[in-house]
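Worksheet: one structure, shown below.
There are 2 protein chains.
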Amino acid sequence: MAVLPSKSELQEAYARVSPHVHKTPVLTSRLLNEISGAQLYFKGENFQRMGAFKMRGAINAILNLTDDQRKNGVVTHSSGNFGQAVALAAQSLGVTAYIVMPENAPSVKKKAVASYNGQITECESTIEAREANAKSIEQQTGASFLHPSNDMDVILGNATAGVELLEAHPNLDIIITPVGGGGLLAGVALAAHYHGSGCVTMAGEPMQVDDAYRSLQTGTIQYNEKTTTIADGLRTHLGDINFPIIQQLVDSIIRVEEDEILAAMKLIWERLKIVVEPSSAVPFAAILKQPATFKDKKVGIIISGGNVDLAHLPF
Amino acid sequence: MAVLPSKSELQEAYARVSPHVHKTPVLTSRLLNEISGAQLYFKGENFQRMGAFKMRGAINAILNLTDDQRKNGVVTHSSGNFGQAVALAAQSLGVTAYIVMPENAPSVKKKAVASYNGQITECESTIEAREANAKSIEQQTGASFLHPSNDMDVILGNATAGVELLEAHPNLDIIITPVGGGGLLAGVALAAHYHGSGCVTMAGEPMQVDDAYRSLQTGTIQYNEKTTTIADGLRTHLGDINFPIIQQLVDSIIRVEEDEILAAMKLIWERLKIVVEPSSAVPFAAILKQPATFKDKKVGIIISGGNVDLAHLPF
């Protein structure tokens, strides 16, 4: 069994990250409680800086670099929120950020990275091209590579969303997150482990990309053959740093179909009046799918982010 | 000059209404401050019960009825938020609500009223048919008629949104609201008058339905020939109870074009991550249109509501 990071490591991350991120609000809705049969506490990371929880991990990872490392900058490859998070976190801390983006990434995402002064390198959209380009920048500049989910500092940074939620609502029975690369799930599981009072961690995952579910079942990291889910933040797979944490601390993963994700997303928009990404609706979809598990429980839900293209909404 | 309701009447309304409504959050955004050149404080009445500020006026009006009046119920005609507000407020207070709705009202609005146990009467979509049906119900049941905007109790109830905003941010230089029927604008102007510190009240209005602007210019209540604006909550006109308050207390009304409303709405959705009605974007559109007026000022903006049909978004 792998050694978990300690409670004091988590608390140090919390103290380190908090001055640089928003303490996001926790939303409730009588109607969504009635519909689900549970007491739901939505942690609104869509209101986080740059619109997603990933700001937390990026901030923590950069703060943990030495002064010399910071001088050389940071590099990552991303088609989504982590590129924006690294760019904004680096800008806030006076560090240069090199962001490798696939040439077919939405222009709105490239513009966001550029608006945070991220240095963009475009490449082919294959994972090989992305990794090769990042590696090349790392070697040329001495920049530190940051992985979006399989990095202990990123995991501990993400965990602070769970710590905040449990500070506000210490008696949660369950916390449920979406799972894609595993960095949020592992972090929140650590938060529940150290700061919860018998609080169980669960995840929702799209059936179309159920690699994490299969990884837990088989005990080895599994991959996805297709990545066709609407929940575009969840198409990736677990890594060797977050998987052992997930194995030890996560109770179960509930898989949901695409139409269930869409229906849950619509309910969140209509009833909570907030803009959330499809990925953020996956845990709520899981609750609606398996209500007996959550009945009369106090359930925290991490709303992972709110960066959507309004011109291409799925409704 | 008409006599304004007193400060103590406003404070009584605040004490009366507060236990029955949400204290809605005030949102800020560094980016929207940069774009506008002002310090903006968005009062999120989209998070209010039933999704709009109109809950406040409906609650105050029903609470001000005598016990005998309450036994006979309340009646209104509405194709929009006020019908829902009266239905939910009445349900919360154990009062019967009769809601006259045009037969072509969106089914989503009829369902919402029905879900709050409102007794729906459908009628032709003319104003004459709506008024005749409401009158008939009033005579048959003894129910008290509630007007959505031209009623002093409704105005004082709406004013509580402004009081809450000024309690949280006492040094606002300006508060700006949308103006349709005038009930929100008159109420918030009273709040700024009694609770602000030199706080000026302004409004944004669609150019397509600029009756309130013309009413202020001419000194008499004006009407709209067309009601073609996307801001469907603002198609109505002022009334003889709210107009004198607006005349005395409102500094000016800024008119905006349809594309300006849409651009402002999109910025609010994208950057604040909240779901708001087109009407709610009109004040922010006014600020973007006339930035010199607001430069470096602390500006409160009432986000009036968030009830939109996600299947028919204008983006």
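Here the protein sequences come in this chain order: A and B.
The opening position of the first sequence corresponds to residue 38 in this note's numbering, with each subsequent residue numbered one higher.
The opening position of the second sequence corresponds to residue 38 in this note's numbering, with each subsequent residue numbered one higher.
All C-beta atoms in this analysis are idealised placements derived from N, C-alpha and C, irrespective of residue type, glycine included.
Only a predicted model underlies this, so the values are computations on that prediction, with no experimental measurement involved.
Taking a contact to mean a Cβ-Cβ separation below 8 Å, would you say V150/B touches D346/B in this structure?
As a first step, residue 150/B is located in the second sequence; it is residue number 113 there, counting from the start. As a first step, residue 346/B is located in the second sequence; it is residue number 309 there, counting from the start. It is not a contact, given that the beta carbons lie outside the stated cut-off.
From the DSSP output, read off the bridge partner residues of C236/B.
Working through the second sequence from its first residue, we reach residue 236/B at position 199. Paired residues: none, contrary to the question.
Determine the DSSP secondary structure at K80/A, reduced to helix, strand or coil.
Numbered from 1 along the first sequence, position 43 holds the residue referred to as residue 80/A. Strand at K80/A.
Between which residues of its own chain and K263/A is the CB-CB distance below 8 Å, once the five residues before and five after are set aside?
On the first sequence, residue 263/A is found 226 positions in, with the first residue counted as 1. Correct list, in chain order: Q245 and V246.
With 8 Å set as the bound, which would you pick, yes or no: does the beta-carbon of V200/A sit closer than that to a beta-carbon of chain B?
Counted from its first residue, the first sequence places residue 200/A at position 163. With 8 Å as the cut-off, V200/A does not count as an interface residue toward chain B.
Under 8 Å, Cβ to Cβ, is there at least one residue of chain A near L304/B?
Here residue 304/B refers to the residue found at position 267 of the second sequence. L304/B does not count as touching chain A.
Of all the residues that make up the segment 306-317 of chain A, which are near chain B by a beta-carbon distance shorter than 9 Å?
Cβ contacts with chain B come from W306, E307, R308, L309, K310, I311, V312 and V313.
Taking 8 Å as the threshold (C-beta atoms), are I339/A and A318/A in contact?
In the first sequence, residue 318/A corresponds to position 281, counting from 1. In the first sequence, residue 339/A corresponds to position 302, counting from 1. No, Cβ-Cβ distance for A318/A and I339/A is not below 8 Å.
Throw me the rounded Cβ distance for the P315/A and I291/A pair, which I believe falls under 8 Å.
One-based indexing of the first sequence puts residue 315/A at position 278. One-based indexing of the first sequence puts residue 291/A at position 254. That belief does not hold up - the Cβ atoms of P315/A and I291/A are roughly 16 Å apart, past 8 Å.
Kindly list, in the order they appear in chain B, the residues whose Cβ is closer than 8 Å to that of P56/A.
Mapped onto the first sequence, residue 56/A falls at position 19. Under the 8 Å cutoff, chain B gives no residues; its nearest Cβ is about 16 Å from P56/A.
Compare the beta carbon distance of G235/A and I192/A with 8 Å and say whether it is the shorter of the two.
For the purposes of this step, residue 235/A is identified with residue 198 of the first sequence, where counting begins at 1. For the purposes of this step, residue 192/A is identified with residue 155 of the first sequence, where counting begins at 1. No, these two residues do not count as a Cβ contact at 8 Å.
Could you name each continuous beta strand (DSSP E) segment of 3 residues or more that falls completely within the segment 83-158 of chain B, going from the start of the chain to the end?
Counting whole runs of 3 or more residues, the segment 83-158 of chain B contains the beta strand (DSSP E) stretches 111-114 and 134-139.
List the residues of chain A that F352/B touches, going by C-beta distances under 8 Å, in chain order.
Sequence index remark: in the second sequence, residue 352/B carries index 315 (1-based). Simply L347, A348 and L350.
Alpha carbon to alpha carbon, how far is Q48/A from L102/A?
Here residue 48/A refers to the residue found at position 11 of the first sequence. Here residue 102/A refers to the residue found at position 65 of the first sequence. If you take the alpha carbons of Q48/A and L102/A, they lie about 18 Å apart.
Under 8 Å: do the segment 192-211 of chain B and the segment 254-274 of chain B share three or more Cβ pairs, one atom per stretch?
Verdict: no, contact absent.
Counting only the same chain and skipping the five closest in sequence on each side, list residues whose C-beta sits under 7 Å from that of L68/A.
For the purposes of this step, residue 68/A is taken as the residue at position 31 of the first sequence. So the qualifying residues of the chain are R308.
Could you give the C-beta distance for V58/B and R86/B, rounded to a whole number, given that I count them as a contact under 8 Å?
The count along the second sequence starts at 1 and reaches residue 58/B at position 21. The count along the second sequence starts at 1 and reaches residue 86/B at position 49. Contact holds; Cβ gap of about 6 Å.
Would you mind telling me which residues of chain B sit closer than 7 Å to F84/A, beta carbon to beta carbon, in chain order?
Residue 84/A sits at position 47 when you count from the first residue of the first sequence. Ordered by position in chain B, the residues that pass the 7 Å Cβ test against F84/A are K310.
Assign N344/A to buried or exposed, taking buried as 16 or more other Cβ atoms, counted over all protein chains shown, within 10 Å of its Cβ.
Reading the first sequence from its first residue, position 307 is the one you call residue 344/A. N344/A should be labelled buried.
Spatial neighbours of K147/A within its chain, please: CB distance less than 7 Å, with the 5 preceding and 5 following residues excluded, ordered by chain position.
Taking the first residue of the first sequence as position 1, residue 147/A is located at position 110. Excluding sequence neighbours, K147/A sits near M138 and I157.
For V237/A, tell me which candidate among T273/A, I213/A and R251/A has the shortest Cα-Cα distance.
As a position in the first sequence, residue 237/A is number 200, starting the count at 1. Closest option to V237/A, Cα to Cα, is I213/A.
Is there a Cβ from chain A that is less than 8 Å from the Cβ of G343/B?
Taking the second sequence and counting its residues from 1, one reaches residue 343/B at position 306. Interface residue, yes.
At a cut of 8 Å, does the segment 163-178 of chain A reach the segment 62-76 of chain A through at least three beta carbon pairs?
Contact fails: fewer than three Cβ-Cβ distances are below 8 Å.
Exposed or buried, which one is D333/B when buried takes at least 16 other CB atoms within 10 Å?
On the second sequence, position 296 is the one that residue 333/B refers to. Label assigned to D333/B: exposed.
For a contact meaning CB atoms closer than 8 Å, what does P62/B contact in chain A?
Indexing the second sequence from 1 puts residue 62/B at position 25. By Cβ distance, chain A contributes P62.
Where L275/A and M239/A are concerned, what is the direct C-alpha to C-alpha distance, given to the nearest angstrom?
Taking the first sequence and counting its residues from 1, one reaches residue 275/A at position 238. Taking the first sequence and counting its residues from 1, one reaches residue 239/A at position 202. Taking the straight line joining both Cα atoms gives about 15 Å.
Can you tell which of N195/B, D210/B, S115/B and F119/B has its C-alpha closest to the C-alpha of E165/B?
Within the second sequence, the letter at position 128 stands for residue 165/B. Nearest option by C-alpha distance: S115/B.
Answer with buried or exposed for T61/A, where buried requires no fewer than 16 other C-beta atoms within 10 angstroms of its C-beta.
Along the first sequence, one-based indexing puts residue 61/A at 24. Flag for T61/A reads buried.
Beta strand (DSSP E) containing S289/A: first to last residue?
By one-based count along the first sequence, residue 289/A stands at place 252. Where S289/A is concerned, the enclosing beta strand (DSSP E) stretches over V287 to V293.
Taking K263/B as part of the beta strand (DSSP E), name the residues at either end of that continuous run.
Locating residue 263/B in the second sequence gives position 226, where the first residue counts as 1. Segment: none, K263/B is in no beta strand (DSSP E) and carries neither H nor E.
Thinking C-alpha only, which one of K108/A, S289/A and T197/A is nearest T133/A?
Looking up residue 133/A in the first sequence gives position 96. Looking at the Cα atoms, K108/A is the closest of the given residues.
May I have the straight-line CA-CA distance separating I170/B from G155/B, to the nearest angstrom?
For the purposes of this step, residue 170/B is identified with residue 133 of the second sequence, where counting begins at 1. For the purposes of this step, residue 155/B is identified with residue 118 of the second sequence, where counting begins at 1. Checking the sequence shown, residue 170/B turns out to be Asn, not Ile. The alpha-carbon atoms of N170/B and G155/B are separated by roughly 15 Å.
Any C-beta of chain A sitting closer than 8 Å to the C-beta of G270/B?
Walking along the second sequence from the start, residue 270/B turns up at place 233. Judged by the 8 Å Cβ criterion, G270/B is not in contact with chain A.
Pull out every residue of the segment 88-107 of chain A whose Cβ sits closer than 7 Å to any Cβ of chain B, in chain order.
Hits within the stretch, in order: G88.
Run through the DSSP bridge pairs and tell me what K335/B is partnered with.
Numbered from its first residue, the second sequence carries residue 335/B at position 298. Paired residue(s): Q76/B.
Alpha carbon to alpha carbon, how far is S252/B from G120/B?
Your numbering for residue 252/B matches position 215 in the second sequence. Your numbering for residue 120/B matches position 83 in the second sequence. Their backbone Cα atoms lie some 26 Å apart in a straight line.
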